[in-house]
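*Asks:* Okay, handing you the structure first.
Numbering (my numbering), first residue to last: 3 to 222.
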């Protein structure tokens, strides 16, 4: 095991991001749900605002842990054509799964953000945080969603990742930051001692607390 839990993993990850401490242009975006506890610790250490970017994996039917693609806020959808063709997934099945995940994405957006407007990412340094990267499907979708808003810089930051996924992402963003790339990788959960499913309530509480930290640091 590399990390006791997501919160401690976030603290270790923050140590790799010290160049971004106290910068007014930085915004930390956690990928719900598991990425938010990690992002909370990163945002706290960097004295940066915390927000979420909702993404959903499109799982292969009967093998939902295998991603054939992903969707993200802002109407983004990506597909892994290799997996789609290999498993012979029809357009109708893809559309059905995408519609189902879109409903869940919209539910989470309402729950986590309420009436709060989306963060303005234009000209910002955006740090995208998750609890780990295996295939990276959801992170690819998040990158596409962020890029549409023309940020100054996109950074992907995770505690643990598959090396080949990091190498692929390095060509798409300004920086990929990680603590470890163990091999063989297998899955993100293997590298945590305690890896329970993060709940909606935890996400909401962390967002509220994170924003309160930021308000206190600004003296408001």
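Idealized CB from N, CA, C, for every residue including glycine.
Are residue 60 and residue 72 closer than 8 angstroms when you measure CB to CB?
*Replies:* The sequence position of residue 60 within the chain shown is 58, counting from 1. The sequence position of residue 72 within the chain shown is 70, counting from 1. With contacts defined by Cβ atoms closer than 8 angstroms, residue 60 and residue 72 form a contacting pair.
*Asks:* Given that a residue counts as buried once 16 or more other Cβ atoms are within 10 Å of its Cβ, and exposed if not, what is residue 198?
*Replies:* Within the chain shown, numbered from 1, the residue matching residue 198 stands at position 196. By the 16-neighbour rule on beta-carbons within 10 angstroms, residue 198 is exposed.
*Asks:* By the DSSP assignment, the alpha helix (DSSP H) with residue 133 in it spans what residues?
*Replies:* As a working mapping, residue 133 is identified with position 131 in the chain shown. Unbroken run through residue 133: none, as it is neither H nor E.
*Asks:* Could you give the distance in angstroms between the alpha-carbon of residue 201 and the alpha-carbon of residue 110?
*Replies:* Indexing the chain shown from 1 puts residue 201 at position 199. Indexing the chain shown from 1 puts residue 110 at position 108. Near 11 angstroms, if we compare the C-alpha coordinates of residue 110 and residue 201.
*Asks:* Helix, strand or coil: which one does DSSP assign to residue 5?
*Replies:* For this step, residue 5 is matched to residue 3 along the chain shown. Strand, per DSSP.
*Asks:* Do the stretch 130-146 and the stretch 105-122 meet, that is, are 3 or more Cβ pairs less than 8 angstroms apart?
*Replies:* Short answer: they don't touch.
*Asks:* I'd like to check one pair, residue 136 with residue 189: are the Cβ atoms closer than 8 angstroms?
*Replies:* As a working note, residue 189 is residue 187 in the chain shown. As a working note, residue 136 is residue 134 in the chain shown. In this structure, residue 136 lies closer than 8 angstroms to residue 189 by Cβ.
*Asks:* Would you call the stretch 13-28 and the stretch 40-48 in contact, with 3 or more CB pairs under 8 angstroms?
*Replies:* At 8 angstroms Cβ cutoff, the stretches touch.
*Asks:* Pairs of beta-carbons, one from the stretch 124-136 and one from the stretch 29-36, closer than 8 angstroms: are there three or more?
*Replies:* yes
*Asks:* To the nearest angstrom, how far is it from the Cα of residue 86 to the Cα of residue 63?
*Replies:* Translated into the one-based positions of the chain shown, residue 86 becomes position 84. Translated into the one-based positions of the chain shown, residue 63 becomes position 61. Answer to the nearest angstrom: the Cα atoms are 11 angstroms apart.
*Asks:* Report the three-state DSSP secondary structure of residue 156 (helix, strand or coil).
*Replies:* Here residue 156 corresponds to residue number 154 of the chain shown, with the count starting at 1. Under the three-state reduction of DSSP, residue 156 is assigned to strand.
*Asks:* Nearest-angstrom Cα distance between residue 217 and residue 49?
*Replies:* For the purposes of this step, residue 217 is identified with residue 215 of the chain shown, where counting begins at 1. For the purposes of this step, residue 49 is identified with residue 47 of the chain shown, where counting begins at 1. With a pLDDT of 47 at residue 217, under the threshold of 50, the modelled position of this residue cannot be trusted, and the question is left open.
*Asks:* Bridge partners of residue 79, per DSSP?
*Replies:* As a working note, residue 79 is residue 77 in the chain shown. According to DSSP, residue 79 bridges with 73.
*Asks:* Under a Cβ-count criterion, where at least 16 other Cβ atoms within 10 Å of its own Cβ denotes burial, should residue 172 be classed as buried or exposed?
*Replies:* By 1-based counting over the chain shown, the position of residue 172 is 170. It counts as exposed.
*Asks:* Could you pull out every residue in the same chain whose Cβ sits closer than 8 angstroms to the Cβ of residue 193, ignoring the five residues on either side in sequence?
*Replies:* Position 191 of the chain shown holds residue 193. 3, 4, 5, 134, 161, 162, 182 and 184.
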